[in-house]
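Trainee:
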Amino acid sequence: MSTNLPAPGRIRTGGLNPDQLFHLGSAVAGSFALTWMLFERILPVTSPLGFAVSWYALFLTMYAVISATTLDRVGVVDRVVGALVATAGAVLVAVLAGIVVFITIRGKGALAHTNFYTDTLALVGPDDGLTKGGIYSAMIGTFEQVALAILISVPVGIATAVYLNEVGGRLARTVRTVVHAMSAIPTIVAGLFIYAMFIIGFDLPHWLPLLGDRVSLPRSGFAASLALSVSMIPVVITTAEVVLRLVPNGLREASLALGTSRWQTVKGVVLPTARPGLITAVLLGIARVIGETSPVLLVAGYTNALNYDPFHGPQVSLPLFVFNLARQPFDVAIARAFGAAVVLLVLVVIFFATARILGGRAPGQVSARKQRRLSARLARRQLVEGNLL
Amino acid sequence: MTDTLTTPLPPLPTSAGTPATLSARNVGAWFGDHQVLEGVDLEMKAGQVTALIGPSGCGKSTFLRILNRMHELVPGASLSGEVLIDGDDIYAPTMPPIESRRRIGMVFQKANPFPTMSIHDNVLSGLKLAGKGFGKGRAAEAGDLVEHSLRSAGLWDEVRNRLGAPGGSLSGGQQQRLCIARALAVSPDVLLMDEPCSALDPTSTRRVEETIAAIAHEVTVVIVTHNMQQAQRVSDRCAFFLAAENQPGHIVEQGSTADIFENPRDERTSDYVNGRFG
Ligand SMILES: Nc1ncnc2c1ncn2[C@@H]1O[C@H](COP(=O)(O)OP(=O)(O)OP(=O)(O)O)[C@@H](O)[C@H]1O
Ligand SMILES: [Mg+2]
Numbered sequence: 001m002s003t004n005l006p007a008p009g010r011i012r013t014g015g016l017n018p019d020q021l022f023h024l025g026s027a028v029a030g031s032f033a034l035t036w037m038l039f040e041r042i043l044p045v046t047s048p049l050g051f052a053v054s055w056y057a058l059f060l061t062m063y064a065v066i067s068a069t070t071l072d073r074v075g076v077v078d079r080v081v082g083a084l085v086a087t088a089g090a091v092l093v094a095v096l097a098g099i100v101v102f103i104t105i106r107g108k109g110a111l112a113h114t115n116f117y118t119d120t121l122a123l124v125g126p127d128d129g130l131t132k133g134g135i136y137s138a139m140i141g142t143f144e145q146v147a148l149a150i151l152i153s154v155p156v157g158i159a160t161a162v163y164l165n166e167v168g169g170r171l172a173r174t175v176r177t178v179v180h181a182m183s184a185i186p187t188i189v190a191g192l193f194i195y196a197m198f199i200i201g202f203d204l205p206h207w208l209p210l211l212g213d214r215v216s217l218p219r220s221g222f223a224a225s226l227a228l229s230v231s232m233i234p235v236v237i238t239t240a241e242v243v244l245r246l247v248p249n250g251l252r253e254a255s256l257a258l259g260t261s262r263w264q265t266v267k268g269v270v271l272p273t274a275r276p277g278l279i280t281a282v283l284l285g286i287a288r289v290i291g292e293t294s295p296v297l298l299v300a301g302y303t304n305a306l307n308y309d310p311f312h313g314p315q316v317s318l319p320l321f322v323f324n325l326a327r328q329p330f331d332v333a334i335a336r337a338f339g340a341a342v343v344l345l346v347l348v349v350i351f352f353a354t355a356r357i358l359g360g361r362a363p364g365q366v367s368a369r370k371q372r373r374l375s376a377r378l379a380r381r382q383l384v385e386g387n388l389l
Numbered sequence: 001m002t003d004t005l006t007t008p009l010p011p012l013p014t015s016a017g018t019p020a021t022l023s024a025r026n027v028g029a030w031f032g033d034h035q036v037l038e039g040v041d042l043e044m045k046a047g048q049v050t051a052l053i054g055p056s057g058c059g060k061s062t063f064l065r066i067l068n069r070m071h072e073l074v075p076g077a078s079l080s081g082e083v084l085i086d087g088d089d090i091y092a093p094t095m096p097p098i099e100s101r102r103r104i105g106m107v108f109q110k111a112n113p114f115p116t117m118s119i120h121d122n123v124l125s126g127l128k129l130a131g132k133g134f135g136k137g138r139a140a141e142a143g144d145l146v147e148h149s150l151r152s153a154g155l156w157d158e159v160r161n162r163l164g165a166p167g168g169s170l171s172g173g174q175q176q177r178l179c180i181a182r183a184l185a186v187s188p189d190v191l192l193m194d195e196p197c198s199a200l201d202p203t204s205t206r207r208v209e210e211t212i213a214a215i216a217h218e219v220t221v222v223i224v225t226h227n228m229q230q231a232q233r234v235s236d237r238c239a240f241f242l243a244a245e246n247q248p249g250h251i252v253e254q255g256s257t258a259d260i261f262e263n264p265r266d267e268r269t270s271d272y273v274n275g276r277f278g
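Sequence order for the protein chains is A and B.
Each residue of the first sequence is one higher than the one before, starting from 1 at the first, in the UniProt record's numbering.
Each residue of the second sequence is one higher than the one before, starting from 1 at the first, in the UniProt record's numbering.
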């Protein structure tokens, strides 16, 4: 710097001031000391939970009392509420971090071996260690079942969202209510529904001769994907509907005013404009069902063998694998269950993160990649044109 | 810079629209039970520019949207009367709304190019969306139509080197002219414009006004404007709308622009065009 003036110090407006820090520190220390006295010297009981609760209650009281030495009533209430809210946030983060760390530690043994990702449990006995067997068949099962659920749910979900938002009317309100009710169906009921409907099956009336006389599916990956779809469809519909509502009405009117039909407008303008958001809707749907156990439990069957065919025979998926192995009384099995849980968690995180990144963009905003593609497409076309002339 | 508007245009690849006469007969309009227009009679002559003026809320936009069947898209909206294009009722049961809207194009107050399409594709969007786009082998024709439409809208020189950029990458004034080009590319017989310059700077406004002057011979123009100078500059005829406390919007006076501005018959018209109210 060429000037002799010292750079002006910035005034700190946020954060804890020294006064508050002092109050906070003394309240924490004081309440700890008092609680320790209570539990170690006075009361005949020791209980970690009781200790934590008493400490927190005493802390709040002391914090309020100490703050009252310098602040008025409003200021004290402000501080105490601030402390309560901050605790809630911290507890939530701690619980989440605890789950992740705990599962990872327990699953570490299994995760370290490559055979865990490439092998199946088909020929693995209870005495075999973690160097044998793995979750390959479960990963294939999850992949195929979720893929089938996507194939079923995405067209149905997006078509319904288009109906709700672009067509509307009185029936739409009923449909919306049904969708909301559907998203509240416990997933085990969805599983039961598919079980009763398709696994047990039902007789077809005799005047429908072409389809045979009885509908009945075996337990299979496909049955599982049907059960998953029951949970996935409402998520896709609700999210897609919100996304479609964000498409500016001016674009619809502009398109209609050019003499296009409603369907042409939806296909050519509304859906392309909403595309990033629709992808988010699909990803949220996937994240919702990828870890579901209960709908799959009744209808997928269970097998240790590798089954690539989702339409015939039982097929295991990651959540089902975790469910089954966590109940076995062997350390190795439990380690495998935790390992599979970590893989599942990582998948869910990936889907949510991708959904956040794509969903953060405003509808119709053109990404840099898309801009390049638009230009390239035109350049190609002009080249063709040049050759023609 | 060459004057874009006097450069000869390449011949149009599709059949050009022929300006049509639009006449509204005894038009009334409602939103729910609330009547906002009553007894509007107006003839918009082929190849002329008709300006609709009047204070805010008197029903100009509503009237304009009735002229190309956009009014009925608002839930609860209804109307009465007749709108004839060269003698054919656009509300006749045999006339599909899509066909009316194609023949009677519209430019909105807020520029609304399609954000997912390039400038080039925006111009062709009317044809493409309707499934009448040019196939692979007819790129040259498509190129001609794009150039012709953009030249008509006075935008060609500014975008000729970046036709592949997204429509949203243009300035507000350029976007509005892109919307005009898009509307012209489907060769409409009538072009409705609802305050097309209200969000634009003076230069862009002048460009749009030049555009209107240039296209007036190939399409009938109906323009809503709050700018009295603009109405005087661009229009051949003028209609003054007014709504009162318990009276739905109606036409107080209509006639040649010169008459409306220089010797209006009605006192309210003279007050309005001289800026004494509204
Ligand atoms: N979607 C709608 N629902 C209900 N009433 C409406 C709707 N659109 C417009 N109106 C009412 O219709 C009347 C006419 O509105 P319109 O938009 O045609 O006015 P305008 O003359 O274009 O005004 P401005 O110059 O401000 O654009 C107004 O009283 C308005 O409140
Ligand atoms: Mg208006």
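Cβ coordinates follow ideal geometry from the N, Cα and C atoms, glycine included.
Keep in mind that this is a model prediction, so the values were computed, not measured.
Sorted by chain position, which residues of the same chain lie with C-beta nearer than 8 Å to Val36/B's C-beta, five sequence neighbours on each side aside?
Mentor: Within the second sequence, the letter at position 36 stands for residue 36/B. For Val36/B, where only same-chain residues beyond five positions count, the Cβ hits under 8 Å are Ala29, Trp30, Gly59, Thr62, Ala243, Pro248, Gly249.
Trainee: On the CB-based measure, 16 or more other CB atoms within 10 Å of its CB, does Tyr308/A come out buried or exposed?
Mentor: Here residue 308/A is taken as the residue at index 308 of the first sequence, counted from 1. Looking at its Cβ environment, which holds fewer than 16 other Cβ atoms inside 10 Å, Tyr308/A is exposed.
Trainee: Which same chain residues, not among the five before or five after Gly275/B, have their C-beta less than 8 Å away from its C-beta?
Mentor: Here residue 275/B is taken as the residue at index 275 of the second sequence, counted from 1. Once the five neighbours on either side are set aside, the close Cβ partners of Gly275/B are Met228.
Trainee: Closer than 5 Å between the C-beta and any heavy atom of ligand 1: which residues qualify, listed along the chain?
Mentor: Phe31/B, Val36/B, Ser56/B, Gly57/B, Cys58/B, Gly59/B, Lys60/B, Ser61/B, Thr62/B, Val74/B
Trainee: Specify whether the stretch 270-290 of chain A and the stretch 191-200 of chain A touch according to this definition: at least 3 beta carbon pairs, one from each stretch, less than 8 Å apart.
Mentor: no
Trainee: In chain A, which residues lie less than 9 Å from Arg101/B when you measure between Cβ atoms?
Mentor: Position 101 of the second sequence, counting from 1, holds the residue named residue 101/B. The answer, in chain order, is Leu256, Ala257, Leu258, Gly259, Thr260.
Trainee: Can you tell me whether Thr46/A is helix, strand or coil according to DSSP?
Mentor: Position 46 of the first sequence, counted from the first residue, corresponds to residue 46/A. In the structure shown, Thr46/A sits in coil (DSSP, three-state: anything other than H, G, I, E or B).
Trainee: Below 8 Å on C-beta distance, what does Gly126/B contact in chain A?
Mentor: As a first step, residue 126/B must be located in the second sequence, where it is residue number 126. Leu258, Gly259, Thr260, listed in chain order.
Trainee: Of the residues that make up the stretch 226-251 of chain A, which ones have a beta carbon closer than 8 Å to any beta carbon in chain B?
Mentor: So the list reads Pro248, Gly250, Leu251, given in the order they occur along the chain.
Trainee: Ser67/A: buried (16+ other C-beta within 10 angstroms of its C-beta) or exposed?
Mentor: Here residue 67/A refers to the residue found at position 67 when the first sequence is read from its first residue. Buried, by the Cβ-count rule.
Trainee: Short of 8 Å in beta carbon distance, which residues of its chain neighbour Tyr163/A, apart from the five on each side in sequence? Order them along the chain.
Mentor: On the first sequence, residue 163/A is found 163 positions in, with the first residue counted as 1. Excluding positions up to five away in sequence, the list reads Ala172, Val175.
Trainee: From Ala153/B, Gly54/B, Asn246/B, Thr220/B, pick the residue whose C-alpha is nearest to that of Asp236/B; which is it?
Mentor: Counted from its first residue, the second sequence places residue 236/B at position 236. Considering only alpha carbons, the answer is Thr220/B.
Trainee: Could you tell me the boundaries of the alpha helix (DSSP H) in which Phe330/A lies?
Mentor: Taking the first residue of the first sequence as 1, we reach residue 330/A at position 330. Where Phe330/A is concerned, there is no enclosing alpha helix (DSSP H), given that its DSSP letter is neither H nor E.
Trainee: Hey, how far is the Cα of Asn165/A from the Cα of Trp263/A?
Mentor: For this step, residue 165/A is matched to residue 165 along the first sequence. For this step, residue 263/A is matched to residue 263 along the first sequence. Their backbone Cα atoms lie some 13 Å apart in a straight line.
Trainee: So what does DSSP say about Asn249/A, is it helix, strand or coil?
Mentor: Residue mapping note: residue 249/A aligns to position 249 of the first sequence, counting from 1. Shown here, Asn249/A sits in a helix according to DSSP, grouped into three states.
Trainee: Quick check on Gln232/B: does DSSP put it in helix, strand or coil?
Mentor: Counting from one through the second sequence, the residue named residue 232/B turns up at place 232. Helix at Gln232/B.
Trainee: Quick one: Cα of Arg151/B to Cα of Leu42/B, how far?
Mentor: As a position in the second sequence, residue 151/B is number 151, starting the count at 1. As a position in the second sequence, residue 42/B is number 42, starting the count at 1. Whole-angstrom Cα-Cα distance: 31 Å.
Trainee: Less than 8 Å separating the beta-carbons of Leu111/A and Gly313/A?
Mentor: Position 111 of the first sequence, counted from the first residue, corresponds to residue 111/A. Position 313 of the first sequence, counted from the first residue, corresponds to residue 313/A. No; because the gap between Cβ atoms is not below 8 Å, this pair is not in contact.
Trainee: Quick one: complete beta strand (DSSP E) runs, 3+ long, within the stretch 68-155 of chain B?
Mentor: 77-85, 104-107
Trainee: By DSSP's criteria, Val247/B is part of a beta bridge. Which residues make up the other side?
Mentor: The residue you call residue 247/B lines up with position 247 of the second sequence. Note on residue identity: the sequence assigns Gln, not Val, to residue 247/B. DSSP output for Gln247/B lists Ala244/B as bridge partner(s).
Trainee: At a CB distance below 9 Å, what residues from the stretch 273-298 of chain A approach chain B? Give them in sequence order.
Mentor: Thr273, Arg275
Trainee: For Trp207/A, name the three-state secondary structure that DSSP assigns.
Mentor: Taking the first sequence and counting its residues from 1, the one referred to as residue 207/A is at position 207. Reduced to three states, the DSSP call for Trp207/A is coil.
Trainee: Just to check my reading of the structure: Pro319/A and Val296/A have Cβ atoms closer than 8 Å, yes? What is that Cβ distance to the nearest angstrom?
Mentor: Residue numbering aside, residue 319/A sits at position 319 when the first sequence is read from its first letter. Residue numbering aside, residue 296/A sits at position 296 when the first sequence is read from its first letter. Indeed, because the Cβ distance is near 7 Å, the residues count as touching under 8 Å.
Trainee: So, does the CB of Ala172/A fall closer than 8 Å to a CB anywhere in chain B?
Mentor: On the first sequence, position 172 is the one that residue 172/A refers to. So, not an interface residue.
Trainee: Can you look up Arg237/B in the DSSP assignment and give me helix, strand or coil?
Mentor: Taking the first residue of the second sequence as 1, we reach residue 237/B at position 237. Looking at Arg237/B - three-state DSSP - the assignment turns out to be strand.
Trainee: Using a Cβ-Cβ cutoff of less than 8 Å, which residues in the same chain neighbour Asp3/B once the five nearest sequence positions on both sides are dropped?
Mentor: For the purposes of this step, residue 3/B is identified with residue 3 of the second sequence, where counting begins at 1. Any answer about Asp3/B is weak, because its pLDDT of 45 lies below 50 and its placement is not dependable; what the coordinates show is given next. Same-chain partners within the cutoff: there are none.
Trainee: Thinking C-alpha only, which one of Arg207/B, Ile104/B, His226/B, Met95/B is nearest Gly259/A?
Mentor: As a position in the first sequence, residue 259/A is number 259, starting the count at 1. If we check each option's Cα against that of Gly259/A, Ile104/B comes out closest.
Trainee: So with CB distances below 9 Å, who are the chain A contacts of Gly105/B?
Mentor: Residue 105/B sits at position 105 when you count from the first residue of the second sequence. Near Gly105/B (Cβ distances below 9 Å), the residues of chain A are Ala257, Leu258, Gly259.
Trainee: Round the Cβ separation of Leu127/B and Val83/B to the nearest angstrom and send it over; I've been treating them as touching at under 8 Å.
Mentor: Residue 127/B sits at position 127 when you count from the first residue of the second sequence. Residue 83/B sits at position 83 when you count from the first residue of the second sequence. Actually they do not touch by this definition, with Cβ atoms about 25 Å apart.
Trainee: Please list the terminal residues of the continuous beta strand (DSSP E) segment that includes Asn115/A.
Mentor: Here residue 115/A refers to the residue found at position 115 of the first sequence. From DSSP, Asn115/A is part of no beta strand (DSSP E) but of the alpha helix (DSSP H) over 115-118.
Trainee: Can you tell me whether Leu388/A is helix, strand or coil according to DSSP?
Mentor: Start at 1 with the first residue of the first sequence, and residue 388/A comes out as number 388. For Leu388/A, the predicted structure reports a pLDDT of 47, less than 50, and the residue's modelled location is therefore unreliable. A value from the coordinates is still provided. Looking at Leu388/A - three-state DSSP - the assignment turns out to be helix.
Trainee: Report all residues from its chain with a CB closer than 6 Å to the CB of Ile223/B; omit the five preceding and five following residues, and keep chain order.
Mentor: On the second sequence, position 223 is the one that residue 223/B refers to. Ala51, Met193, listed in sequence order.
Trainee: Run down chain A in chain order and give the residues with a C-beta less than 8 Å from the C-beta of Leu73/B.
Mentor: If you number the second sequence from 1, residue 73/B lands on position 73. Chain-order list of chain A residues neighbouring Leu73/B: Glu253, Leu256, by C-beta distance under 8 Å.
Trainee: I'd like to check one pair, Tyr63/A with Ala90/A: are the Cβ atoms closer than 8 Å?
Mentor: Here residue 90/A is taken as the residue at index 90 of the first sequence, counted from 1. Here residue 63/A is taken as the residue at index 63 of the first sequence, counted from 1. Contact: no.
Trainee: Could you tell me if Trp55/A is buried or exposed, where buried requires 16 or more neighbouring beta carbons within 10 angstroms of its beta carbon?
Mentor: Your numbering for residue 55/A matches position 55 in the first sequence. By the neighbour-count rule (16 or more Cβ atoms within 10 Å), Trp55/A is buried.
Trainee: Would the C-beta of Val224/B count as close to ligand 2, meaning under 7 Å from any of its heavy atoms?
Mentor: Counting from 1 along the second sequence, the entry for residue 224/B is found at position 224. Under cutoff, so the answer is yes.
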